[in-house]
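Structure, as structure tokens:
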Amino acid sequence: MTVSNTPPQKFDREAVLETCETLFLPGDVVELRVLNTRKHTVSGYFDDWNKLADAAQKWSGNADSVYITLNPVQPELLARAANRTIEFAKHTTSDLDIKTLRWLLVDFDPKRPAGISSSEAEHQAALNAARTCLNYLTDTMSWPEVVAASSGNGAHLLVPIELPNTPESTTLLQEVLGGLGFLFSGALVEVDQKTFNPARICTLYGTLKAKGDALPDRPHRLATMHRKPNRTKAVTLDQLQVIANLAPKPEPRQARPSGSFNGSRDNGPFDMEGWIQRNHISVADGPRPYQGGEKWQLDCPFNPAHRAPDAALYVTAQGAAAFRCSHNSCTGNDWHALRDLVEPGWRERKAPAKPASYTPLLSGGVPTVSGGLPPRQEDDVRFRMTDGGNAERFAAEHETNL
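Residue 92 in numbering that gives the first Met the number 0 sits at position 93 of the sequence shown, and the numbers go up by one each step.
Laid out in structure tokens, this is it:
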């Protein structure tokens, strides 16, 4: 296969200016950054969008990507390189340099080898996933309009937010991405789980995405905004929290009594196969590998009209159990709701056992243990509390290993 002889459009100045006017307010300061250009970083700070466009045009098509910070930076950073770029930049924007949080980037990345542009099919799959997510957020969840764009290789949704730059805000946005990833990541496209940090950089729309060589089936493309709503309303905290709550969370582990062993690790994955068998769940397909974990497809237990594969059980790569039905009427029917449905009382049964009680003896006030410990173990506890640490002597006298 030969390299394409048709040069792609390398820059769209009007699109760059439109991006700045959409994402930022007059007086905002943002960083323009170019990575991996002759093994060094180019960086500059701008409050003049025309000068930012001039700088972006120099690098568009001459580097893999041209980026901007999505959230405005502290105005003092303009003094690092005021409305110009410098090469071999020593300092770029950190999370602490961000003034306020205005945008959350939801990045739909098509799966492919690293360092190459996406094919048309891969690019379209990302756009389709973003469109499905957009419809869900705006129609089902009543979110305000968001920015929709092509990154050149994948798809972006930029969610308008108004949050302080605090650890609590960062944690919330991380959980929101977890919920969206759970809902909309699939076999072909993944929702990037790393785009929650305050100093997140984003492809500058109107510049060329140029990973690898431009081949006929993997061309370089301009990053472009497809939907530019009037930014009059931000997503509320409550709306963000609803999506954050959808992210699968590991089951809390009940501590085992000291010295016991049940053949599995406390932090091991949830035993979904055993749970399915114990609760007589009819599975249509599975388990199959899914994003580092496993997936089981089934008819929805809440509404059998929602047939497989629309409903599924999961064990994530981190070992967490989860359930999802893709129908709008099942919004909120998560893993815990499913357990409430099929095994009533499970929450009470998972409550941790009360620790053994310690009561002082009348002679000498030395604590002993009640609750059925074997005599040797009771001796062990009493010895440890009274002698204070000659474990080797105790082991030798009792012919046991500690």
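Ideal placement from N, C-alpha and C gives every residue a C-beta, glycine not left out. Since this is a predicted model, take the numbers as computed values, not measurements.
| Check | Outcome |
| --- | --- |
| C-alpha gap between residue 265 and residue 316, whole angstroms | Residue placement at residue 265 is flagged as unreliable, the pLDDT there being 47, under the threshold of 50; the coordinate-derived value follows with that caveat. Taking the straight line from one Cα to the other gives about 16 angstroms. |
| Alpha helix (DSSP H) segment containing residue 128, residue limits | 119-134 |
| Residue 142 (DSSP reduced to helix, strand or coil) | coil |
| Short Cβ contact (9 angstroms threshold) for residue 65 with residue 206 | yes |
| Local conformation of residue 14 per DSSP, three classes | helix |
| Residue(s) in a DSSP beta bridge with residue 40 | Looking at the DSSP assignment, residue 40 forms no beta bridge with any residue, so it has no partner. |
| Rounded C-alpha distance that separates residue 179 from residue 311 | 16 angstroms |
| Whole runs of the beta strand (DSSP E) within the segment 145-173, excluding any shorter than 3 residues | 146-149, 154-162 |
| Beta-carbon proximity of residue 223 to residue 149, cut-off 9 angstroms | yes |
| Candidates 32, 234, 168: closest to residue 58 by CA position | 32 |
| First through last residue of the alpha helix (DSSP H) which encompasses residue 448 | Residue 448 is absent from the structure shown; the chain starts at 0 and stops at 401. |
| Cβ shell of residue 10 (< 6 angstroms), same chain only, five flanking positions each side left out | 56, 59 |
| C-beta atoms of residue 309 and residue 281 nearer than 9 angstroms | no |
| Where residue 402 falls: helix, strand or coil (DSSP) | Here the chain covers residues 0 to 401 and nothing more, so residue 402 does not appear. |
| For residue 88 and residue 211, the rounded distance between their alpha carbons | 24 angstroms |
| Residue 293 to residue 92 span [Cα, whole Å] | 38 angstroms |
| Contacts around residue 198, its chain only, beta-carbon distance under 7 angstroms, and the 5 residues preceding and following it disregarded | 68, 92, 93, 94, 96, 97 |
| For residue 51 and residue 27, the rounded distance between their alpha carbons | 12 angstroms |
| Element boundaries [alpha helix (DSSP H), containing residue 275] | 271-277 |
| Under the three-state DSSP convention, the category residue 217 falls into | strand |
| Limits of the alpha helix (DSSP H) - the one that residue 347 falls within | 345-348 |
| Residue 332 - DSSP class collapsed to helix/strand/coil | coil |
| Coarse secondary structure for residue 195, derived from DSSP in three states | coil |
| Contacts around residue 245, its chain only, beta-carbon distance under 7 angstroms, and the 5 residues preceding and following it disregarded | 178, 181, 182, 333 |
| Residue nearest to residue 208 in terms of C-alpha spacing, selected from 61, 187, 43, 29 | 61 |
| Residue 254, DSSP secondary structure in three states | Any reading at residue 254 must be qualified, since the residue scores a pLDDT of 45, below 50, and its modelled position is unreliable; the value itself is stated next. Of the three classes helix, strand and coil, the one that applies to residue 254 here is coil, per DSSP. |
| Nonlocal neighbours in the same chain, by C-beta distance under 6 angstroms from residue 232, ignoring five residues either side | 143 |
| In DSSP terms, what residue 109 is bridged to | 188 |
| Cross-strand partners of residue 284 (DSSP beta bridge) | 296 |
| Environment of residue 373 [buried if 16+ CB atoms lie within 10 Å] | Annotation note: pLDDT 42 at residue 373 (below 50); position unreliable, coordinate value reported separately. With fewer than 16 Cβ atoms within 10 Å of its Cβ, residue 373 is classed as exposed. |
| Meets three-Cβ-pair contact criterion under 8 angstroms: the segment 78-87 and the segment 117-125 | no |
| Nearest-angstrom Cβ-Cβ length linking residue 70 and residue 40, presumed shorter than 8 angstroms | With 8 angstroms as the limit, residue 70 and residue 40 do not qualify as a contact, their Cβ atoms being about 19 angstroms apart. |
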